[in-house]
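Inspection log for the structure reproduced underneath, given as structure tokens.
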Amino acid sequence: MIEFLKVIVLGIVEGFTEWLPISSTGHMILVDELIHLNVSEDFKTVFLVVIQLGAILAVVVLYFRRLNPFDPGKTENQKWATIRLWMKIVIACVPAAVFGLLLDDWMDAHLYNAWVVATMLIVYGILFIMIENRNVGRDFAIQRVTQISYQTALFIGLFQVLSLVPGTSRSGATILGAMILGCSRSAAAEFSFFLGIPVMFGASLLKLVKYGFAFSAVELFYLIAGMAIAFGVSVVSIRFLMGFIRKNDFKPFGYYRIVLGVIVLAFFTVRTLMG
30 MIEFLKVIVL GIVEGFTEWL PISSTGHMIL VDELIHLNVS EDFKTVFLVV IQLGAILAVV
90 VLYFRRLNPF DPGKTENQKW ATIRLWMKIV IACVPAAVFG LLLDDWMDAH LYNAWVVATM
150 LIVYGILFIM IENRNVGRDF AIQRVTQISY QTALFIGLFQ VLSLVPGTSR SGATILGAMI
210 LGCSRSAAAE FSFFLGIPVM FGASLLKLVK YGFAFSAVEL FYLIAGMAIA FGVSVVSIRF
270 LMGFIRKNDF KPFGYYRIVL GVIVLAFFTV RTLMG
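According to the numbering used here, the sequence shown holds residues 30 to 304 in order.
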């Protein structure tokens, strides 16, 4: 029962943090250290990645009509616009897919630690504040996702490569990059959501291929439960973010990242000194 409660907590944390630019990895590392899910290391590695599939489904459900090129309610022009959107999403995902496949094992071995996560939380928190200070009074050239060009999509994809470093935040890197390239906050956030579909599905598939399904019935139950919880919380998280940025900027998330980064640094410094 205690382990299932831990799964619920991890699912909630994943659902809330995956779509906000505050690093789900940073939160999951800290929460896992505090509650420590008692399962095999292989399963834990798969669990922490695959529950993201629940978060992906939240985007698919919330934006199903926008992302469905075969919707009978769309005109021919709207259907082709949706197909072009998917082409831009694919183009933007190529850089992260290439570097992710090449560097996945190396990054897990060398970068997946609290010190890197804490540093990236703080660095990107400062960047969010700096970029938003620059954006004061700015009229964004790209107000809607459909206005994003193929070239801009590729450049956003290059920013997404930065999120391969744990603690950066995939949504954080892509939102920052999109705003630097002239996208409004809502367009940047929505395009970041859409990019998450193939990227997170690919990352989950990669882990499943690597580790397989050789888990116990209880572990598989944990996996399904974690995905379901992440899905429900992600729906709330996405709606919250889109409502929040209609009236506010991203600076509060920048301050939050800095505070969390300091907490992570302090926590692991104390633990190291005491250990």
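Backbone N, C-alpha and C define an ideal beta-carbon position, used for all residues, glycine too. Here the structure is a predicted model, which is why all the values come from computation and not from measurement.
Item                                                                                                : Value
Cα-Cα separation, Ala143 to Leu294                                                                  : 7 Å
Counted within 10 angstroms of its Cβ, other Cβ atoms place Pro50 as buried (16 or more) or exposed : buried
Where Phe76 falls, given that 16 or more other Cβ within 10 Å makes a residue buried                : buried
Whole-angstrom distance between Met208 and Val78, CA atom to CA atom                                : 27 Å
Proximal residues to Leu86 (C-beta, below 6 Å), its chain only, five neighbours per side dropped    : Phe260
Extent of the continuous alpha helix (DSSP H) run through Phe72                                     : 70-79
Contacting residues, own chain, Cβ-Cβ under 7 Å from Ile160 (five flanking each side not counted)   : Leu205, Met208, Ile209
6 Å Cβ shell around Glu219 - same chain, five flanking residues per side excluded                   : Val174
For Gly283 and Asn162, the rounded distance between their alpha carbons                             : 11 Å
Residues bridged to Cys212 [DSSP beta-bridge criterion]                                             : Ile171
Span separating the alpha-carbon of Ser221 from that of Gln172                                      : 14 Å
Straight-line gap, Thr197 to Ile64 (C-alpha atoms, nearest Å)                                       : 23 Å
Reference Leu249; option with closest CA among Gly44, Ile118, Asp71, Glu43                          : Asp71
Per-residue burial, Val178 [other beta carbons within 10 Å of its own, 16 or more giving buried]    : According to the sequence as given, residue 178 is Ser; it is not Val. That one is exposed.
Contacting residues, own chain, Cβ-Cβ under 6 Å from Ile154 (five flanking each side not counted)   : For the record, residue 154 in the displayed sequence is Gly; it is not Ile. Only Gly283, Arg286, Ile287 meet the Cβ criterion.
Local conformation of Leu66 per DSSP, three classes                                                 : coil
Selected residue, minimal CA-CA separation from Phe128, among Ala182, Leu191, Leu224, Thr74         : Leu191
Enclosing alpha helix (DSSP H) for Leu270 [first to last residue]                                   : 246-273
Cβ separation of Ser200 and Phe45, assumed to be a contact under 8 Å, to the nearest whole Å        : Not really, about 12 Å apart at Cβ, beyond 8 Å.
Distance CB(Leu39)-CB(Leu132) smaller than 8 Å                                                      : no
Assumed close pair Val89, Ile226 - CB separation to whole angstroms, cut-off 8 Å                    : 7 Å
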